[in-house]
Structures are given as structure tokens and as C-alpha cells.
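In terms of my numbering, the sequence shown opens at residue 1 and continues consecutively.
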Amino acid sequence: MVTNENNAAETADARSRLINAALRFFAEKGFEAATTREICEAAGANLSAIRYYFGDKAGLYRAVFNRPIGENICHTTISTYAHLSLADALTGFFKQFLDPLKKSEEIRLVMKLYYREMIEPTACLQQEIEVEIKPQHQSLVALLQAHFKLSETDADLERLAFAIIGMAVYFFVGQEIVSAISPAMLNSPEAIDVLAERLAGYALAMITSETQRRKVTE
């Protein structure tokens with residue numbers, strides 16, 4: 001006799017298999033290119049299962065994008081390190097930012113999906129901007145504003161913040177390119193920590209350059 005508990009377990013298992021399969025296809029191909037047929041085949045489910053559990057392909061994508069994955073892998077803001085020197089704060093920030101590259105394949109796929117969302121945006125992008133990207137950017141701008149002793153932010157401070165974060169973003173968006181050109185750069189936790197330290201150094205050089213530029217234009 002099939003019990004309600006068995007039905008619930010089967011439902012949870014089927015839903016989980018669909019989400020896991022969809023994560024890989026959406027991360028590798030994007031929302032438009034990934035097909036519901038290949039997702040269902042990989043999950044061992046019927047095409048009607050997506051409609052039953054998620055409503056449609058967009059509903060499945062939202063479930064994948066918003067799924068809780070183990071530990072909190074959201075990028076910390078640099079304000080976490082505000083009590084440190086500028087060099088140490090930047091190093092801590094980049095190490096935390098790049099930390100998902102050290103994690104399991106599942107985590108790497110999640111991060112790849114997040115960054116693909118920036119390149120091929122869906123309705124989920126605005127939520128990502130408000131919850132993750134904007135607070136992260138604002139915390140870096142605040143740190144720079146304090147460093148330059150400015151009463152308010154300006155366009156050049158915003159440009160500098162985008163440029164600093166952009167260095168690290170590339171290693172997610174272009175991780176296949178990086179691995180193809182320089183395989184050792186991302187192949188171990190130690191290598192990723194070295195990368196974070198170097199990015200912090202580059203960011204300091206950018207800040208120094210902006211300091212000099214401001215002195216000249218005063």
C-alpha cells in the first residue's frame with residue numbers, strides 16, 4: 001500500500017532531480033538554449049513533470065535560481081573587513097568573493113548561473129541586483145569614500161568601485177577561458193588565494209592612481 005509519506009518522498013525526489021538537472025543545463029547553456037526535453041531526460045522525468053511541479057520552464061528556472069544551497073554562498077560585502085587596513089580589507093574581500101571557485105561542482109554551477117544571469121538577464125536579475133550586487137557595490141563605494149575622506153560619492157568613485165569588482169567578476173564569467181589559457185590559475189584553493197591577493201594589490205594600485213589624479217585636478 002502506498003502511503004502519504006511515500007508519495008511525499010517521491011514528489012520531493014522527482015522535484016529535486018529536476019532542479020539538479022536544470023541547474024547544470026541552465027548554467028551551461030542559459031535559460032533560452034536549455035530545453036525542457038533535455039532537462040527531463042537527464043532527470044529521468046516526463047515532460048509533464050515540469051508543468052506539474054513548477055508551472056512552466058520559467059517557474060523551473062526561478063526554483064533553480066532561488067534554491068538554498070548548503071552554506072550561504074552569497075558574496076560578503078567589504079564592510080565586513082572595514083575595521084582592517086585598506087590592503088587587508090581588499091584581500092579579505094577578494095578571498096571571500098572568489099571562495100565559491102574552491103567549492104563543489106554544484107556550487108560552481110550555481111555561481112556560473114548567477115553570472116550568466118548578468119549576461120543573459122531574466123526577471124530574476126532585478127532581485128539579484130537588489131539583494132546581492134547593489135549592497136556589495138555600495139559597501140565598496142563607502143570604503144573608498146572614507147579612504148578619500150569625501151563628504152559624498154561622485155562618478156569617479158563609482159567608476160573605481162565597478163573597476164575593482166569587475167576584475168574578480170571576470171574569473172567567474174570567463175572561468176573556462178582562464179582555465180584554457182592558464183590552467184594553474186584556478187586549479188587549487190592555494191592558487192585562488194594567490195589570485196585574491198594579487199587582485200587586492202592591483203586594486204590598491206588603482207586607488208593610488210585615483211589619489212594622484214585627484215591631487216592633480218584639485
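Beta carbons: idealized from backbone N, C-alpha and C, even for Gly. Note that the structure is predicted; figures quoted are calculated from it, not measured.
Neighbourhood of residue i by C-beta distance below 7 angstroms, restricted to the same chain and skipping five residues each side
i	result
Thr91	Ala196, Glu197 and Ala200
Ile192	Leu98, Leu101, Lys102 and Leu186
Glu163	The sequence given here has Ala at residue 163, not Glu. Once the five neighbours on either side are set aside, the close Cβ partners of Ala163 are Met206.
Ala9	The pLDDT assigned to Ala9 is 49, lower than 50, so where the model puts this residue is not dependable; a value taken from the coordinates is nonetheless given after this. Hits under 7 angstroms: none found.
Arg67	Ile19
Phe93	Ile78 and Tyr81
Option nearest residue i by Cα separation, candidates the options
i	options	result
Leu221	Phe172, Gly166 and Leu84	This structure cannot settle anything about residue 221, because the visible part of the chain is limited to 1 through 218.
Ser104	Ile164, Asn187, Ala203 and Leu47	Asn187
Ala155	Glu218, Leu98, Val141 and Tyr61	Val141
Glu158	Tyr202, Met206 and Ser48	Met206
Ala21	Glu32, Glu41 and Phe31	Glu41
Cβ neighbour criterion (16 or more within 10 Å) applied to residue i
i	result
Tyr170	exposed
Gln81	In the sequence as displayed, the identity of residue 81 is Tyr instead of Gln. By the neighbour-count rule (16 or more Cβ atoms within 10 Å), Tyr81 is buried.
Lys215	exposed
Thr217	exposed
Ala184	exposed
Ile50	buried
Tyr61	buried
Own chain, CB closer than 8 angstroms to residue i, minus 5 neighbours either side, in chain order
i	result
Pro189	Lys102
Leu143	Ile78, Ser79, Ala82, Leu86 and Ala89
Glu32	Glu120
Leu160	Leu144, Met206, Ile207 and Glu210
Rounded Cβ spacing between residue i and residue j (contact assumed at less than 8 angstroms)
i	j	result
Met167	Tyr115	Not confirmed; about 14 angstroms, so no contact.
Ala14	Ala45	6 angstroms
His137	Ile165	7 angstroms
Residues near residue i in its chain [Cβ-Cβ closer than 6 angstroms; skip 5 each side]
i	result
Ser139	Thr77, Ile78 and Ser79
Leu23	Val64 and Leu109
Thr122	Phe31
Pro135	Thr77
Residue i to residue j span [Cα, whole Å]
i	j	result
Leu109	Glu28	8 angstroms
Ser151	Ser209	20 angstroms
Leu113	Glu176	14 angstroms
Glu130	Leu204	27 angstroms
Ile39	Lys57	10 angstroms
Ile133	Met111	13 angstroms
Gly59	Ala43	16 angstroms
His147	Gln96	21 angstroms
Leu47	Ile19	14 angstroms
Cys124	Ser16	20 angstroms
Gln126	Gly174	22 angstroms
Residue i Cβ short of 7 angstroms to the ligand ATP heavy atom set
i	result
Thr77	By its list of ligands, the structure shown contains no ligand whatsoever, and the ligand ATP lies outside what it can speak to.
Closer than 8 angstroms to chain B by CB, residue i
i	result
Ala163	The chain labelled as chain B is not found in the depicted structure, where only one protein chain is given.
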